[in-house]
Amino acid sequence: MRRLTVVQLLPAMESGGVERSTLEIAQALVEAGHRAVVVSAGGRLVQRLQALGAEHVELDIGRKSLATFARVRPLRALLQREHADIVHVRSRLPAWVGVVALRGMDASVRPRLVSTVHGLNSPSRYSAVMTRGERVVCVSGTVRDYVLRHYPSTDPVKLRVIPRGIDPLAFPPAPVPDRDARAWAVDLHPALAGDGPLLLLPGRGTRLKGHADALELLARLRGDGVDARLWLPGAREAGRESYIAELEARARALAVADAVAFTPPTDRIARAYAASDLVLQLSRKPEAFGRTVVEALSCARPVLGWAHGGVGELLRELQPDGAIAPFDPDALHAGARALLARPAVSAGTMPALSDYTLRAMQRATLAVYAELID
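Residue numbers for the sequence shown follow my numbering, so the first one is 3 and each next one is one higher.
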């Protein structure tokens, strides 16, 4: 394939899954000898993007205002000037700006349009723009089904399921148990000290992540006489103080306050997985993909989660005994007891994750570009 110029459009380069995927595809493009350009309002990840050899053009195409459509002309000029081959849109408002910009270009120089549906957005004409791509990347089978159900006029032939991927080197299998990792966690958070199992639920400080369900599970396990502990990295966030206070009050009411650690996010999440005995994924709202599931399994840790959305899809495929009927506390309790009681598994007996690696995701995305260009 000849050298391509691929322009990715998104609101900003601050943090999050969309930004991470943008970086990962930019890296793959540069490594393959192509040109990677990202258009956004900027942010702390721009420097990292440029260190990969990609280019950034600052243009605020994600601000939720009609005035954002004043960026259509500058974007169209940019695409023409840079001789873009592919425009890849990852968010709804930038997608609308991109679609309008492309509409005003002569067909002989108009770039091909690719979109990625990263989330299960509320169905609407506004959200439907993400189905406008000549190829529409869905980050899971769950997303593909969601698109076809809510936008039935979408041609299924143009949909491509490309799961998000992890770097296995960043999530290496850990010994079971990993006493050094547990000692590290206890040193950071003394509430995690004990001889019993450590439950881990990584997630932002929002009610949607199911922290209350994890507290209820902890209380039931401890009521069984199991000296279980619970770590909630990411739950403690600036601006979420009232939510944490609510969770702390609930922990006290359940008599588990001394066995739980509500902490900020950790930048050593792989070691947190290694320190744990069971990883929880209890999002109350179905997610498009369940990256936590893949990361934990890569570290040789079992996962227990509500079987809906992308999490349920992954668990049913990779670890069926961890898939629990959503919001059934009795089933969750039984599932936790069963997983904690089963013999420790070795890394060699964990499910194969070859379809969920970073390289697999990068190769598949570049193959989509090649389809359109070839």
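Note that CB positions come from ideal geometry on N, CA and C, so glycine has one too.
Quiz item: Under three-state DSSP, which class holds THR118?
Solution: In the displayed model, THR118 falls within a strand according to three-state DSSP.
Quiz prompt | Residue ranges of each beta strand (DSSP E) within the region 76-142, 3 or longer | solution = Whole beta strand (DSSP E) segments, 3+ residues: 88-91, 114-119, 137-140.
Quiz item: Looking at ASP87 and the ligand FAD, is the gap between the Cβ and the nearest heavy atom below 7 Å?
Solution: You won't find the ligand FAD in this model; it holds no ligand whatsoever.
Quiz item: Should LEU202 be labelled buried (16 or more other beta-carbon atoms within 10 Å of its own) or exposed?
Solution: When all chains shown are included, LEU202 counts as buried.
Quiz item: Taking Cβ positions, are LEU12 and GLU21 nearer each other than 8 Å?
Solution: One thing to note: LEU12 has its Cβ within 8 Å of the Cβ of GLU21.
Practice problem: Specify, as a first and last residue, the run of the beta strand (DSSP E) that ALA38 falls within. | Solution: That run of the beta strand (DSSP E) goes 37-42.
Exercise. Would you check if the region 121-133 and the region 257-270 touch, i.e. whether three or more CB-CB distances between them fall below 8 Å?
Key: Output reads no: the region 121-133 does not touch the region 257-270.
Quiz item: Should GLU289 be labelled buried (16 or more other beta-carbon atoms within 10 Å of its own) or exposed?
Solution: GLU289 is buried by the Cβ-count criterion.
Practice problem: Go through the region 3-40 residue by residue and report every complete run of the beta strand (DSSP E) that reaches 3 residues or more, in order. | Solution: Unbroken beta strand (DSSP E) stretches of 3 residues or longer found wholly inside the region 3-40: 7-11, given in chain order.
Quiz item: Alpha carbon to alpha carbon, what distance is there between LEU368 and VAL111?
Solution: Distance from the CA atom of VAL111 to the CA atom of LEU368, rounded to whole angstroms, is 21 Å.
Self-check item: Closest Cα partner of ALA214 within the set ASP226, LEU232, PRO199, VAL228
Solution: When only C-alpha atoms are compared, the closest one is LEU232.
Quiz item: If you run the structure through DSSP and keep just helix, strand and coil, what is GLN283?
Solution: Taken through DSSP and simplified to helix, strand or coil, GLN283 comes out as strand.
Quiz prompt | Buried/exposed call for ALA176, threshold 16 Cβ in 10 Å | solution = Its Cβ being crowded by 16 or more others within 10 Å, ALA176 is buried.
Practice problem: Determine the closest residue to LYS160 out of VAL116, ALA53, LEU190, TRP186, with distance taken between C-alpha atoms. | Solution: Comparing Cα positions, the closest option is VAL116.
Practice problem: Using only alpha-carbon positions, find the residue among THR265, LEU200, THR359, ASP108 that is nearest to PRO170. | Solution: Measuring from the Cα of PRO170, the nearest candidate turns out to be THR359.
Practice problem: Taking HIS213 as part of the alpha helix (DSSP H), name the residues at either end of that continuous run. | Solution: Per DSSP, the continuous alpha helix (DSSP H) segment holding HIS213 begins and ends at 213-225.
Quiz item: The alpha helix (DSSP H) with GLU315 in it runs from where to where?
Solution: Where GLU315 is concerned, the enclosing alpha helix (DSSP H) starts and stops at 311-320.
Exercise. Indicate whether GLU16 and ARG46 have their beta-carbon atoms separated by less than 8 Å.
Key: Cβ distance < 8 Å, so GLU16 and ARG46 count as in contact.
Quiz item: With distances taken between CB atoms, is the gap from LEU299 to ASP323 smaller than 8 Å?
Solution: No.
Quiz item: Does the Cβ of ARG5 have 16 or more other Cβ atoms within 10 Å, making it buried, or fewer, making it exposed?
Solution: Exposed, because fewer than 16 other Cβ atoms sit within 10 Å of the Cβ of ARG5.
Quiz prompt | Whole-angstrom C-beta distance between ARG114 and LEU280, which should lie under 8 Å | solution = Rounded, the Cβ-Cβ distance is 45 Å, inconsistent with contact.
Quiz prompt | Where LEU203 sits in the DSSP three-state scheme | solution = The answer is coil: DSSP assigns LEU203 none of H, G, I, E or B.
Self-check item: Closest Cα partner of LEU190 within the set ARG151, VAL228, PRO235, ILE168
Solution: Considering only alpha carbons, the answer is PRO235.
Practice problem: Thinking GLU57 and ALA38 are a contact (beta carbons under 8 Å), I'd like their distance in whole angstroms, please. | Solution: Their Cβ separation, rounded to whole angstroms, is 7 Å, which keeps GLU57 and ALA38 in contact under 8 Å.
Quiz prompt | Test item: CB-CB of LEU320 and PRO353 under 8 Å | solution = Yes.
Practice problem: For the region 56-75 and the region 85-96, state whether three or more C-beta atom pairs, one from each stretch, are separated by less than 8 Å. | Solution: Result yes; three or more Cβ-Cβ pairs closer than 8 Å.
Quiz item: Should PHE173 be labelled buried (16 or more other beta-carbon atoms within 10 Å of its own) or exposed?
Solution: Classification of PHE173: buried, given that the 10 Å Cβ count is 16 or more.
Exercise. Can you grab the Cα-Cα spacing for the pair MET107 / ASP157, in whole Å?
Key: When rounded, the distance between both Cα atoms is 24 Å.
Practice problem: Can you grab the Cα-Cα spacing for the pair PHE71 / VAL145, in whole Å? | Solution: Going from the Cα of PHE71 to the Cα of VAL145 covers about 28 Å.
Quiz prompt | 6 Å Cβ shell around GLY311 - same chain, five flanking residues per side excluded | solution = Close CB contacts of GLY311 within its chain, under the 6 Å cut and outside five residues either way in sequence, are with THR144, PRO288, GLU289 (chain order).
Quiz item: What three-state label does DSSP hand VAL325 in the structure shown?
Solution: Inspection of the sequence shows that residue 325 is occupied by Ala rather than by Val. Strand at ALA325.
Practice problem: Under 7 Å Cβ to Cβ from ALA309, same chain only, skipping five residues before and after it: list those, please. | Solution: Counting only Cβ-Cβ distances below 7 Å, and skipping sequence neighbours, we find LEU317, ARG318, ALA325, ILE326, ALA327, PRO328.
Quiz prompt | Cut-off 7 Å between Cβ atoms - residues of its own chain near SER129, not counting five sequence neighbours on either side | solution = These residues qualify, in order along the chain: ARG94, ASN123.
Practice problem: Can you give me the Cβ contacts of ALA362 inside the same chain, cut-off strictly under 7 Å, excluding the 5 residues immediately before and after it? | Solution: Around ALA362: GLY167, SER356.
Practice problem: Determine the contact status of ILE164 and TYR371, defining contact as a CB-CB distance below 8 Å. | Solution: It is not a contact, given that the beta carbons lie outside the stated cut-off.
Quiz prompt | When ASP147, ALA277, THR118 are compared against GLU136, the one with the closest alpha-carbon | solution = Out of ASP147, ALA277, THR118, THR118 has the C-alpha closest to the C-alpha of GLU136.
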